[in-house]
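Here the sequence shown is numbered in our numbering, starting from 266 and rising by one per residue. The beta-carbon is built from N, C-alpha and C at its ideal position, and this holds for glycine as well. Fair warning: this is a prediction, and the values are worked out from it, not measured in the lab. Notes follow once the structure below has been shown.
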Amino acid sequence: MLLSLALSAPGFAQWSKRLDPAVPRTRDGKLDLAARPPKTRDGKVDLSGVWRPLPDPLGKPQNVENAVVPRYFTDIMADLKPEDVLIQPWAKALLKERVDAHGKLSPSSRCQPTGVPAAATVPLPWKIIQTPQVILILYEENSIFRQIFLDGRPLPKDPDPRWMGYSVGRWEGDALVVDSSGFREGGWLDRMGHPHSSDLHLIERFRRLDVGHLEIDVTIDDPKAYGKRFTYTLRQTLIPDQDLYEYFCTENEKDVEHFK
Numbered sequence: 266m267l268l269s270l271a272l273s274a275p276g277f278a279q280w281s282k283r284l285d286p287a288v289p290r291t292r293d294g295k296l297d298l299a300a301r302p303p304k305t306r307d308g309k310v311d312l313s314g315v316w317r318p319l320p321d322p323l324g325k326p327q328n329v330e331n332a333v334v335p336r337y338f339t340d341i342m343a344d345l346k347p348e349d350v351l352i353q354p355w356a357k358a359l360l361k362e363r364v365d366a367h368g369k370l371s372p373s374s375r376c377q378p379t380g381v382p383a384a385a386t387v388p389l390p391w392k393i394i395q396t397p398q399v400i401l402i403l404y405e406e407n408s409i410f411r412q413i414f415l416d417g418r419p420l421p422k423d424p425d426p427r428w429m430g431y432s433v434g435r436w437e438g439d440a441l442v443v444d445s446s447g448f449r450e451g452g453w454l455d456r457m458g459h460p461h462s463s464d465l466h467l468i469e470r471f472r473r474l475d476v477g478h479l480e481i482d483v484t485i486d487d488p489k490a491y492g493k494r495f496t497y498t499l500r501q502t503l504i505p506d507q508d509l510y511e512y513f514c515t516e517n518e519k520d521v522e523h524f525k
């Protein structure tokens with residue numbers, strides 16, 4: 266059940282014979298994904314492109330039924346000890362309930378948004394469109410989107426809760442630092458079901474290491490759910506010369522009627 270969304274989803278879309286002019290190539294036409302990251306006209310690192318999470322080469326504990334999936338897709342605590350997190354009793358009980366339900370309670374099983382930061386661990390492509398004032402992130406999964414505002418606005422103080430929250434960003438050197446809040450309760454931080462409260466403060470640090478690789482340091486700051494804030498790193502790889510499918514879970518959904 267945990268992998269039903271990921272393994273039944275379509276493959277990557279491709280425009281026929283279109284080469285992305287923003288991706289450098291060697292003289293013989295091969296992709297140069299190890300080249301230095303591109304810059305925008307205002308001198309910022311350009312994060313634009315179609316990305317997907319790297320699979321976990323260890324496959325532990327992310328390997329489910331011989332399907333190696335991205336690290337932290339299943340369990341964001343994979344490299345942490347209980348004392349590193351101090352999960353609160355209510356969150357621990359809710360996690361157990363979700364695990365025991367074998368995926369029946371997950372948002373994706375009901376064609377609801379995965380939310381962030383989990384959306385960047387789903388083994389489907391996602392796209393960054395960067396402008397000086399706002400960064401748009403488009404996820405192939407359920408065609409959901411996210412806006413990161415760079416115009417200096419603060420986070421809203423009493424927002425209408427959202428699956429994707431509200432995000433503002435700033436540049437610290439070549440790293441984009443994003444603060445997000447305003448999340449609705451009921452979200453899942455991973456496919457296992459680690460919960461968060463409505464007070465979740467999410468901090469992400471986007472770093473494009475070279476043309477072909479992106480890292481996102483994710484910090485979970487949610488004292489209501491976890492006694493300690495903790496950080497893990499998501500690793501992404503560029504998918505050059507390709508774009509996103511239009512993908513809606515509801516078009517092929519056949520399971521909810523059985524979730525009794």
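Item                                                                                                          : Value
Distance, C514 Cα to L360 Cα                                                                                  : 24 Å
Other residues of its chain near G477: CB distance less than 7 Å, five sequence neighbours each side excluded : L298, A299, T502 and L503
Exposed unless 16 or more other CB atoms sit within 10 angstroms - verdict on T396                            : exposed
Between the CA atoms of P318 and G324 - distance to the nearest angstrom                                      : Residue placement at G324 is flagged as unreliable, the pLDDT there being 43, under the threshold of 50; the coordinate-derived value follows with that caveat. Their backbone Cα atoms lie some 14 Å apart in a straight line.
Three-state secondary structure (DSSP) of E469                                                                : strand
Pairwise C-alpha distance: T484 and G430                                                                      : 15 Å
Local Cβ density within 10 Å of D425, reported as buried at 16 or more and exposed below that                 : exposed
Pairwise C-alpha distance: I341 and P372                                                                      : 17 Å
Integer-rounded CB distance, given that F410 should sit under 8 Å from L420                                   : Not really, about 18 Å apart at Cβ, beyond 8 Å.
Burial state of A287 (16 or more Cβ within 10 Å)                                                              : exposed
Sub-8 Å separation of Y337 and E405 beta-carbons                                                              : no
With 16 other Cβ atoms within 10 Å as the buried cut-off, status of E330                                      : The predicted model places E330 with a pLDDT of 48, which falls under 50 and marks its position as unreliable, so this point remains unresolved.
Bounding residues of the alpha helix (DSSP H) (the contiguous stretch that carries A440)                      : Counting along the chain, A440 falls outside any alpha helix (DSSP H), though it belongs to the beta strand (DSSP E) covering A440 to S446.
Per DSSP, cross-strand counterpart(s) of D475                                                                 : H478
Simplified DSSP assignment, three categories, for V350                                                        : helix
Sub-8 Å separation of F550 and L465 beta-carbons                                                              : Outside the shown range of the chain (266 to 525) lies residue 550, about which nothing can therefore be said.
Which listed residue (A358, I468 and P335) has its alpha carbon closest to that of A490                       : A358
Extent of the continuous beta strand (DSSP E) to which S432 belongs                                           : Y431 to E437
V334 versus T386 - alpha carbon distance                                                                      : 9 Å
Own chain partners of W436 with C-beta closer than 7 Å, once the 5 adjacent residues on each side are dropped : K309
6 Å CB neighbourhood of D439 in its chain, flanking five on each side removed                                 : V310
G368 versus Q377: straight-line alpha-carbon distance, rounded                                                : 13 Å
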